[in-house]
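For reference, the structure discussed in these notes is given below.
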Amino acid sequence: MKFIALFALISTTSVSGFAPSTRAMVNSRTTSTAVISQSSTSLQMADDAKIFDQESFIAESKEMRLKHLEEQAMFALKIAVENYGNAVFPNALIAGDSVITHLLHRMGYLKDGQAKVMVVDTFHLFPETMEFLREIEDFYGFKAEIFCAEGVPVGDKAAYDKKYGADLWKEDIEQYDKVCKVEPFQRGLKTLNTDCMINGRTRWQGFERAWIDQFENAPIGGGLAKCNPIAYWTLEDTFDYIAKYEVPHHPLHAKGYPSIGDAKDTIPIPEDGSTRFVNFKFEGDKTPWLDYASERKGRFVGLANKDGSTKTECGIHVAGAERTFDRDLWESGAVKNIESNDEALEIIKSGKEAIVAVYAPWCQFCQGMEEEFAKYAESAGVPVYKFRGDEERDFVSANLNTASFPTVNFIKSDGSVVKYDSEARSAEDFAAFEKSMN
Numbered sequence: 002m003k004f005i006a007l008f009a010l011i012s013t014t015s016v017s018g019f020a021p022s023t024r025a026m027v028n029s030r031t032t033s034t035a036v037i038s039q040s041s042t043s044l045q046m047a048d049d050a051k052i053f054d055q056e057s058f059i060a061e062s063k064e065m066r067l068k069h070l071e072e073q074a075m076f077a078l079k080i081a082v083e084n085y086g087n088a089v090f091p092n093a094l095i096a097g098d099s100v101i102t103h104l105l106h107r108m109g110y111l112k113d114g115q116a117k118v119m120v121v122d123t124f125h126l127f128p129e130t131m132e133f134l135r136e137i138e139d140f141y142g143f144k145a146e147i148f149c150a151e152g153v154p155v156g157d158k159a160a161y162d163k164k165y166g167a168d169l170w171k172e173d174i175e176q177y178d179k180v181c182k183v184e185p186f187q188r189g190l191k192t193l194n195t196d197c198m199i200n201g202r203t204r205w206q207g208f209e210r211a212w213i214d215q216f217e218n219a220p221i222g223g224g225l226a227k228c229n230p231i232a233y234w235t236l237e238d239t240f241d242y243i244a245k246y247e248v249p250h251h252p253l254h255a256k257g258y259p260s261i262g263d264a265k266d267t268i269p270i271p272e273d274g275s276t277r278f279v280n281f282k283f284e285g286d287k288t289p290w291l292d293y294a295s296e297r298k299g300r301f302v303g304l305a306n307k308d309g310s311t312k313t314e315c316g317i318h319v320a321g322a323e324r325t326f327d328r329d330l331w332e333s334g335a336v337k338n339i340e341s342n343d344e345a346l347e348i349i350k351s352g353k354e355a356i357v358a359v360y361a362p363w364c365q366f367c368q369g370m371e372e373e374f375a376k377y378a379e380s381a382g383v384p385v386y387k388f389r390g391d392e393e394r395d396f397v398s399a400n401l402n403t404a405s406f407p408t409v410n411f412i413k414s415d416g417s418v419v420k421y422d423s424e425a426r427s428a429e430d431f432a433a434f435e436k437s438m439n
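Numbering of the sequence shown is given in my numbering, commencing with residue 2 and proceeding in unit increments.
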């Protein structure tokens, strides 16, 4: 579509730096001198009126914007990587992270290892996600560091189910976030000695992210530097970049997913999958994806925080996320540690009375009773023990009445094991339980 535009007569020296591009100006011509009659109500074209191609102008403006965003992001990445000793990029393999991966590759930071890539496997991802990781590792020539739930071998879902339970996310979504996302995320940052964390959050994602800048202090990891290189990008900018450079991106974008998280709570948007990104082009109406704060609309579906509010964050990027696995429970005081299954059996068969708390350090209820149980142990009439049960589920189920955490048992002198069946967990409650066994 072509329009007539009026340009004021401004000296070329004052506008030379901002002159319209020749690609945006076609069929330029100068009209005859305008004659403006005092009695005329119409505005005539001025001498310097030009015809220009609006669509070309918009396309070039977008290209100029994207070029600026690229340069801005690369400048931030240069600071993050070269100004700090250990820059780590936790890559969730979503669209924005695909852009950052490509930028790091362009800058040579992946192959030479200046920027490390870290991936958290929650054991609930789409199968395509880890397959895509292997593809980009080969494509860009790097090897990601993979972290998962504590005490579980990488890639071993059966071991995860045995230790934490396959339905942990149904039972307590916040504990699931801690076990499968926050703790391995934090452990990864610590293991890699991170001093600057690179991530793909943007203002366009809205909610908690609406006012982020390119650099900030992270709420986890002791306040390490946090670089958000694409903080000022829209999701449309992100896909424009992917299309421009034909960047490898998650295969589920072609199946209607604007953002990809856990398979259990991620859906296409719209749900019929009619909007897709295929062969570097959108199919269908792209506005459900590209509207403000819509990128993560298909994430955390059906999940709510404990206060009933809609879940919008996985827990990794929120304040307080560091309070998870930094320590064991009852590290000092009167509560003694049982080191092994054999030691537990010895206590059961010793002919002596004792109290044993079977626990998991990540369990919020175990954490909640820590202080009161320690207080009880100081004045208990029998030895008081702790035994970490999440790593020995079969054993504690068979020998210590444990189906969930915490489980407190009284060991009688005849070797019988009696479970404390109340959720009242004050020091006085534990003392009353001990007294009832005599």
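Here a beta-carbon is modelled for each residue, glycine too, at the ideal position from N, C-alpha and C.
Span separating the alpha-carbon of residue i from that of residue j
| i | j | result |
| --- | --- | --- |
| residue 271 | residue 239 | 19 angstroms |
| residue 362 | residue 377 | 19 angstroms |
| residue 351 | residue 160 | 32 angstroms |
| residue 84 | residue 167 | 42 angstroms |
| residue 421 | residue 413 | 13 angstroms |
| residue 347 | residue 341 | 10 angstroms |
| residue 190 | residue 438 | 47 angstroms |
| residue 55 | residue 283 | 22 angstroms |
| residue 359 | residue 174 | 22 angstroms |
| residue 288 | residue 268 | 16 angstroms |
| residue 71 | residue 82 | 16 angstroms |
| residue 433 | residue 404 | 23 angstroms |
| residue 368 | residue 60 | 57 angstroms |
| residue 130 | residue 430 | 48 angstroms |
| residue 406 | residue 276 | 44 angstroms |
| residue 321 | residue 178 | Reliability of the predicted coordinates at residue 321 is poor, the pLDDT of 41 falling under 50, and the value obtained from them is presented with this limitation in mind. Straight-line Cα distance between these residues: approximately 13 angstroms. |
| residue 435 | residue 264 | 46 angstroms |
| residue 395 | residue 380 | 32 angstroms |
| residue 286 | residue 258 | 13 angstroms |
| residue 261 | residue 134 | 13 angstroms |
| residue 188 | residue 75 | 27 angstroms |
| residue 397 | residue 333 | 23 angstroms |
| residue 138 | residue 57 | 37 angstroms |
| residue 119 | residue 66 | 30 angstroms |
| residue 392 | residue 243 | 43 angstroms |
| residue 402 | residue 364 | 17 angstroms |
| residue 382 | residue 366 | 24 angstroms |
| residue 89 | residue 52 | 50 angstroms |
| residue 126 | residue 345 | 37 angstroms |
| residue 144 | residue 357 | 44 angstroms |
Proximity winner among the options, relative to residue i (alpha-carbon distances)
| i | options | result |
| --- | --- | --- |
| residue 146 | 166, 111, 242 and 180 | 111 |
| residue 354 | 415, 248 and 365 | 415 |
| residue 280 | 131, 94, 155 and 246 | 246 |
| residue 236 | 338, 140 and 292 | 292 |
| residue 94 | 195, 249 and 87 | 249 |
| residue 157 | 114, 181 and 139 | 181 |
| residue 373 | 233, 358, 428 and 356 | 428 |
| residue 198 | 285, 115, 134 and 260 | 115 |
| residue 330 | 390, 201 and 382 | 390 |
| residue 266 | 123, 206, 155 and 193 | 123 |
| residue 209 | 73, 294, 251 and 129 | 294 |
| residue 203 | 98, 425 and 126 | 98 |
| residue 273 | 120, 256 and 398 | 256 |
| residue 113 | 425, 382 and 141 | 141 |
| residue 153 | 143, 165 and 144 | 165 |
| residue 100 | 401, 382, 149 and 241 | 241 |
| residue 349 | 194, 171 and 410 | 410 |
| residue 400 | 90, 426 and 343 | 343 |
| residue 183 | 149, 196 and 382 | 149 |
| residue 201 | 423, 68, 417 and 92 | 92 |
is_contact[residue i, chain B] using C-beta, thresh 9 angstroms
| i | result |
| --- | --- |
| residue 347 | The question asks about chain B, but that chain is absent: this structure has only one protein chain. |
Beta bridge counterpart(s) of residue i as assigned by DSSP
| i | result |
| --- | --- |
| residue 409 | 358 |
| residue 1 | Any question about residue 1 goes unanswered here, given that the chain covers just 2 to 439. |
| residue 126 | 263 |
| residue 386 | 337 and 357 |
| residue 284 | 277 |
| residue 501 | Residue numbering for the chain in the displayed model covers 2 to 439; residue 501 lies beyond these limits and cannot be assessed. |
| residue 117 | 89 |
| residue 418 | 412 |
Distance cut-off 8 angstroms: residue i Cβ against heavy atoms of the ligand NAP
| i | result |
| --- | --- |
| residue 148 | Summarising the ligand content, the structure contains no ligands, and the ligand NAP is consequently not present. |
Exercise. What runs of the alpha helix (DSSP H), each 4 residues or longer, lie entirely inside the stretch 193-271?
Worked result: If you keep only unbroken alpha helix (DSSP H) runs of at least 4 residues inside the stretch 193-271, you get 236-246.
Exercise. Counting Cβ pairs closer than 8 angstroms, one from the stretch 381-396 and one from the stretch 326-341, do we hit at least three?
Worked result: Cβ pair count under 8 angstroms is three or more, so yes.
Exercise. So, do the stretch 102-110 and the stretch 209-216 have three or more beta carbon pairs nearer to each other than 8 angstroms?
Worked result: In short, these stretches do not touch, since the Cβ pair count stays below three.
For this session: Identify every run of the beta strand (DSSP E) within the stretch 73-104, keeping only runs that are complete inside it and at least 3 residues long; order them along the chain.
Result: As far as the stretch 73-104 is concerned, its whole beta strand (DSSP E) runs of at least 3 residues are 88-91.
For this session: Kindly provide the ranges of any beta strand (DSSP E) runs that are 3 or more residues long and lie completely inside the stretch 142-188, ordered along the chain.
Result: Every unbroken stretch of the beta strand (DSSP E) spanning 3 or more residues and falling wholly within the stretch 142-188 is given here in chain order: 146-148.
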